[in-house]
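Structure, as structure tokens:
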């Protein structure tokens, strides 16, 4: 004779996110932060079946809805008998709460207990946004977006360097006929040449 399932086990096994994850109306107009710590998270390794334990840290700024505390506790505990990885479990929790609450900001951290000498922390946040190349191009300086033909046309309109500086206009260095500067001596004295007798 099989043992009858306890009511808590039945609730966790049959937990349905759409109907059982209860949310309430946020009656406040100001922005404020809700921080929830859930230290009883447990799931099963999808490869070995060994249990993985973690503490879930939830932080969010509500919009129109807030999550009911007992409901989120049961939702977190419903992972107890599921074969799911660290990464997938935290991403699923984030996606479910983001869809349900549509918060102004949300951050979830899954701090898993070390197993096999490995400590894993999974963090997902609303402000972890990577700028796409298209967005970078949109804010790039306009000078970079000019085509080669535009630049060539601009050079032609300004004229070439040869038009501005001709050979006759270039400054010349002062020099004598031999092409060397004339050497001057103090007091107009010239050097004496001494001839040696052979």
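In my numbering, the protein residues as written are 37 to 234. Beta carbons: idealized from backbone N, C-alpha and C, even for Gly.
| Asked | Found |
| --- | --- |
| Once you ignore the five residues that flank residue 118 on each side, which residues in its own chain have a CB closer than 6 Å to its CB? | 79 |
| Using 8 Å as the threshold, is the region 135-144 in touch with the region 81-88, meaning 3 or more CB pairs across them? | no |
| Please report the residue range of the beta strand (DSSP E) in which residue 88 lies. | 87-97 |
| Less than 7 Å between C-beta atoms, sequence neighbours within five positions excluded: which residues of the same chain meet that for residue 59? | 101, 102, 103, 104, 136, 137 |
| Residue 77 by DSSP, collapsed to three states: which one? | strand |
| Identify every residue that forms a DSSP beta bridge with residue 148. | 90 |
| Helix, strand or coil, according to DSSP, for residue 48 in the structure here? | helix |
| For residue 145 and residue 51, what's the separation of their Cα atoms in angstroms? | 23 Å |
| On the CB-based measure, 16 or more other CB atoms within 10 Å of its CB, does residue 164 come out buried or exposed? | exposed |
| Would you give the residue range spanned by the alpha helix (DSSP H) that residue 129 belongs to? | 122-137 |
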